[in-house]
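Numbering (UniProt numbering), first residue to last: 1 to 389. Note that the Cβ used here is the ideal one computed from N, Cα and C, for glycine as well. Values in this document were obtained by computation on a predicted structure and should not be read as measured data. The structure under discussion appears below in the form of structure tokens.
Next comes the structure, spelled out in structure tokens:
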């Protein structure tokens, strides 16, 4: 007869402490009573955990604001942002954004700079990230204990090796190893859309969704998948290149070597063509034209009809493949006129077999704006930190 292993008391305490910290990190301030309910622990255990974390300076307790309820109020437990700080970096094609993010998701300070010419080379980006981190950390009086980096490319999650980031002209860059050595902290590097999906799941539109897909349009098109509450990463972390689904055989050439990839029909250049703008138009010009078009619903539906059809076609494929309850659209897609987005969402619900089977799929816009990938990078870094705080 095989006996069932029994967890040691110290292991149980560590697990409960980590679970409590994760809840505070994601949900924000909670009363002791709410923590006990959410974690399924008795009040004396919660008291012991909170007292220990407060003594270590990881949380603090406050009496909540006076309310109408009678009786003695339960103390409010708040995570202390500076108790654990991570570095978050979002490398995009035209600029880099970085921030120091504290426990609870609080952005303590940030910096950004444009990329042009030699500044886009991996070595230059790495050097600038290191120098900016030192300056920002010194200014805030904190030190990051881990780092997360978002990159628009194919990334091997285990070591942060950037196999290919075509729009940056990067290939075979040991980004994770180089940054980890320079910063002397653990570094997690991920595909930008994958990390955006994580951010939306933890802090954004997909917080209540167990199965969701994030789809974004920049110069290219990327996707991230949340399956049963966890990121879907694929072999070696290579997943999410939904922009390279071939939707139009013998269509426009794509840099990946195929023809008719989805991003050739709904990426930034395709949107410029649909709007009658030069394909190299600045992002600001595209957004202004979309906003102007949003004032005339009929014109928006007419001028973006072909673009909408290709967007719908790709999303139907994505929904049929992954079966999400929610699709979150990010980046340039968030600037599309509301009538266009509504029409696309309705077509996806109607034409997707999976959507019909599960009673409909919601299509919503990202709720985190321009910080979505930065926050995703921070959450990736925090994944390995909360067990050790």
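Which residue from the options puts its Cα closest to that of residue i?
{"i": "residue 130", "options": "116, 9, 99", "result": "99"}
{"i": "residue 108", "options": "84, 269, 116", "result": "84"}
{"i": "residue 381", "options": "34, 90, 38", "result": "90"}
{"i": "residue 158", "options": "33, 14, 234, 338", "result": "234"}
{"i": "residue 225", "options": "193, 207, 202, 251", "result": "193"}
{"i": "residue 344", "options": "11, 300, 203", "result": "300"}
{"i": "residue 82", "options": "60, 342, 231", "result": "60"}
{"i": "residue 178", "options": "323, 195, 122, 34", "result": "122"}
{"i": "residue 395", "options": "172, 148, 181, 156", "result": "Any question about residue 395 goes unanswered here, given that the chain covers just 1 to 389."}
{"i": "residue 387", "options": "48, 133, 103", "result": "103"}
{"i": "residue 229", "options": "324, 139, 101", "result": "324"}
{"i": "residue 110", "options": "132, 8, 117, 246", "result": "132"}
{"i": "residue 31", "options": "47, 17, 19", "result": "47"}
{"i": "residue 207", "options": "384, 92, 13, 364", "result": "364"}
{"i": "residue 165", "options": "238, 106, 203, 135", "result": "238"}
{"i": "residue 316", "options": "27, 352, 40, 134", "result": "352"}
{"i": "residue 362", "options": "350, 373, 176, 371", "result": "350"}
{"i": "residue 232", "options": "346, 357, 321, 263", "result": "321"}
{"i": "residue 87", "options": "359, 93, 74, 106", "result": "106"}
{"i": "residue 125", "options": "92, 163, 29, 284", "result": "92"}
{"i": "residue 163", "options": "236, 389, 295", "result": "236"}
My assumption, with CB atoms under 8 Å, is that residue i sits in contact with residue j. Please give the rounded CB distance.
{"i": "residue 199", "j": "residue 368", "result": "6 Å"}
{"i": "residue 120", "j": "residue 62", "result": "Not quite, the Cβ-Cβ distance comes to about 47 Å (not below 8 Å), so this is no contact."}
{"i": "residue 146", "j": "residue 338", "result": "Not a contact, Cβ separation roughly 39 Å."}
{"i": "residue 274", "j": "residue 306", "result": "7 Å"}
{"i": "residue 35", "j": "residue 77", "result": "6 Å"}
{"i": "residue 26", "j": "residue 202", "result": "6 Å"}
{"i": "residue 39", "j": "residue 23", "result": "7 Å"}
{"i": "residue 372", "j": "residue 160", "result": "No, residue 372 and residue 160 are not in contact; Cβ-Cβ is about 20 Å, not under 8 Å."}
Out of curiosity, what's the CA-to-CA distance linking residue i and residue j?
{"i": "residue 167", "j": "residue 152", "result": "8 Å"}
{"i": "residue 58", "j": "residue 212", "result": "32 Å"}
{"i": "residue 348", "j": "residue 319", "result": "8 Å"}
{"i": "residue 127", "j": "residue 183", "result": "11 Å"}
{"i": "residue 1", "j": "residue 15", "result": "The predicted position of residue 1 is uncertain, since its pLDDT is 48 and thus under 50; no value can be drawn from it."}
{"i": "residue 340", "j": "residue 150", "result": "29 Å"}
{"i": "residue 97", "j": "residue 42", "result": "43 Å"}
{"i": "residue 223", "j": "residue 266", "result": "13 Å"}
{"i": "residue 79", "j": "residue 95", "result": "32 Å"}
{"i": "residue 355", "j": "residue 240", "result": "20 Å"}
{"i": "residue 56", "j": "residue 112", "result": "33 Å"}
{"i": "residue 156", "j": "residue 64", "result": "45 Å"}
{"i": "residue 154", "j": "residue 173", "result": "11 Å"}
{"i": "residue 37", "j": "residue 49", "result": "14 Å"}
{"i": "residue 261", "j": "residue 291", "result": "27 Å"}
{"i": "residue 249", "j": "residue 256", "result": "14 Å"}
{"i": "residue 293", "j": "residue 258", "result": "32 Å"}
{"i": "residue 289", "j": "residue 180", "result": "42 Å"}
{"i": "residue 282", "j": "residue 276", "result": "13 Å"}
{"i": "residue 366", "j": "residue 8", "result": "43 Å"}
{"i": "residue 118", "j": "residue 251", "result": "33 Å"}
{"i": "residue 253", "j": "residue 278", "result": "18 Å"}
{"i": "residue 390", "j": "residue 12", "result": "Residue 390 falls outside the range modelled here, since the chain spans only 1 to 389, and no answer is possible."}
{"i": "residue 171", "j": "residue 242", "result": "20 Å"}
{"i": "residue 314", "j": "residue 342", "result": "16 Å"}
{"i": "residue 53", "j": "residue 139", "result": "26 Å"}
{"i": "residue 383", "j": "residue 210", "result": "18 Å"}
{"i": "residue 75", "j": "residue 33", "result": "8 Å"}
{"i": "residue 19", "j": "residue 141", "result": "28 Å"}
{"i": "residue 17", "j": "residue 221", "result": "39 Å"}
{"i": "residue 302", "j": "residue 246", "result": "25 Å"}
{"i": "residue 357", "j": "residue 10", "result": "47 Å"}
{"i": "residue 370", "j": "residue 44", "result": "42 Å"}
{"i": "residue 29", "j": "residue 51", "result": "15 Å"}
{"i": "residue 410", "j": "residue 144", "result": "Residue 410 is absent from the structure shown; the chain starts at 1 and stops at 389."}
Please confirm if residue i has its CB atom under 8 Å from at least one CB of chain D.
{"i": "residue 359", "result": "Absent here is chain D; the protein component of the structure consists of one chain."}
Segments of 3+ residues assigned as beta strand (DSSP E) that fall wholly inside the region 234 to 264: none
Inter-stretch contact at 8 Å, needing at least 3 Cβ pairs: the region 361 to 381 / the region 177 to 194: yes
Is the region 254 to 272 touching the region 298 to 316, taking contact as three or more C-beta pairs under 8 Å? yes
Inside the region 301 to 367 only - beta strand (DSSP E) runs reaching at least 3 residues: 326 to 331, 362 to 365
Check whether the region 202 to 218 touches the region 326 to 335, counting contact only when three or more Cβ pairs, one atom from each stretch, lie closer than 8 Å. yes
Could you give the uninterrupted runs of the beta strand (DSSP E) lying entirely in the region 103 to 145, keeping only those of 3 residues or more? 106 to 114
Within the region 180 to 222, ranges of the alpha helix (DSSP H) (whole runs, at least 4 residues): 192 to 203
In chain order, what are the residue ranges of uninterrupted alpha helix (DSSP H) at least 4 long that sit wholly in the region 15 to 68? 32 to 39, 43 to 55
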